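First comes the structure, then the notes that go with it.
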Amino acid sequence: MVTDRLAIDLEGISLTYPDGRNVLSGLSFQLPQGVRAGLIGPNGSGKTTLFHLIMGLIPQTEGQIRLFGREMKTEKNFRRSRKKIGLVFQNADDQLFSPTVIEDVAFGPLNLGATPPEAKKIAERTLADLNLEGFENRIAYRLSGGEKKLVALATVLAMDPEVLLMDEPTTGLDAATRERIIGILNRLDKTLLIASHEYDFLARTTKDIYKMEAGRVVSAGDAALLHPHYHAHAAGDVPHQHH
Ligand SMILES: Nc1ncnc2c1ncn2[C@@H]1O[C@H](COP(=O)(O)OP(=O)(O)OP(=O)(O)O)[C@@H](O)[C@H]1O
Ligand SMILES: [Mg+2]
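Mapping to our numbering: the sequence shown position 69 is 69, numbers consecutive.
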């Protein structure tokens, strides 16, 4: 489903945290519906801040946020858009708050109006999709780091959002699990924005790559074409090209 309507449209966004740290500065960024994009950038460059702004989790200081063509001004605006945009948090502990896994995963669907039996069914199906059968009654806070990451992803996928924002989704995941996530993402028919330091992961899940630069989002080009350049930088200290 590719249309030219914009899922995310940011204009002139600047953000300075109360302690005076200026993180975003005159940032503009458009993500059309149906497009899959990756976002790279050094630690502390503002990727998580940007995602939190899009979700309405921190007040912006300057600029305009339009989601699905609607300007976001109030918490009420964001509450509506959060039904269509899901964020997988960088830190899974920010996402998981119920005692058991099944309660965490069923929470979103319940919130969106599913009946308890429906929500349970959706949660079970989503867990199964992620190879997490048998996790239903596990205690969420006792899961391993990678398991938490997968359950956090399940909580968002269970809500079936139109737009999926993922903040470092592969951190701490083993190679086989990462492959599974790549397979799942590539089967989804969604608008995607993924922040990651893993260039290979972005190249395999997204088409356009953007990077953070001086508080702004700038195009880094086509994922497939950029691969040699970024691989070179990720692989070692000495820049080199692969031919
Ligand atoms: N609530 C806050 N108050 C003050 N500074 C903050 C706050 N939250 C984040 N920052 C700072 O803003 C900058 C951007 O942080 P952010 O988490 O957005 O970076 P990031 O690009 O996601 O980094 P990483 O790749 O390490 O996840 C950092 O220097 C961080 O310390
Ligand atoms: Mg971050």
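Beta carbons: idealized from backbone N, C-alpha and C, even for Gly.
Treat the numbers as computed from the prediction; the structure is a model and nothing was measured.
To which residues does DSSP link residue i through a beta bridge?
i	result
N22	T16
E103	E103 pairs with nothing; no bridge assigned.
S219	Y210
E11	Q64
I139	T100
Could you check which residue in the options has the C-alpha nearest to that of residue i?
i	options	result
K121	R21, A106 and G113	A106
Q64	L24, Q95, K84 and P169	L24
D9	T16, R21, G20 and F51	F51
V217	A7, Q30, N22 and N137	Q30
K47	P109, T16, D167 and E147	D167
S28	E11, P42, T16 and Y17	E11
K245	A176, V156 and L39	Since the first residue of the chain shown is 1 and the last is 243, residue 245 is not available in this structure.
P117	A128, G134 and E103	E103
R5	T170, P99, P32 and K76	P32
L53	I209, N186, D160 and F78	F78
G86	S98, G56 and P99	G56
L15	T49, A37 and N43	T49
R36	D129, D174 and D189	D189
Q60	N22, N137, G146 and I184	N22
G145	N43, Y199, G183 and P169	P169
N43	E179, H197, L112 and G221	H197
V88	A175, T171 and E213	T171
F97	F68, R70, A128 and R142	R142
E75	E62, A214, I58 and G69	I58
A203	R80, E179 and E62	E179
G108	D160, I182 and G215	D160
R187	G34, F135 and M72	G34
Helix, strand or coil: how does DSSP classify residue i here?
i	result
V35	coil
A123	helix
A176	helix
T191	strand
E147	helix
L6	strand
L165	strand
L130	coil
A203	helix
L185	helix
E155	The question names Glu, yet the displayed sequence has Thr at residue 155. T155: helix per DSSP, three-state reduction.
E118	helix
A232	Residue placement at A232 is poorly supported in this model, since its pLDDT is 44, which falls under 50; the coordinates still yield a value, given next. DSSP places A232 in helix when its eight states are reduced to three.
G108	helix
Verify whether the separation of the beta carbon atoms of residue i and residue j is less than 7 Å.
i	j	result
K149	A92	yes
A114	A158	no
L164	L192	yes
K83	E162	no
V156	V101	no
A154	T126	yes
T205	L185	yes
L110	A119	yes
A223	K207	yes
E45	L67	As written in the sequence, residue 45 is Ser, which differs from the Glu given in the question. For S45 and L67, no; Cβs fall outside 7 Å.
Task: Unbroken stretches of the alpha helix (DSSP H), 4 residues or longer, contained in the segment 26-96 - done: 47-54 and 75-81
Item checked: Residues surrounding ligand 4 [beta-carbon distance to nearest heavy atom under 7 Å] -> Looking for ligand 4 in the displayed structure turns up nothing; the ligands present are ligand 1 and ligand 2.
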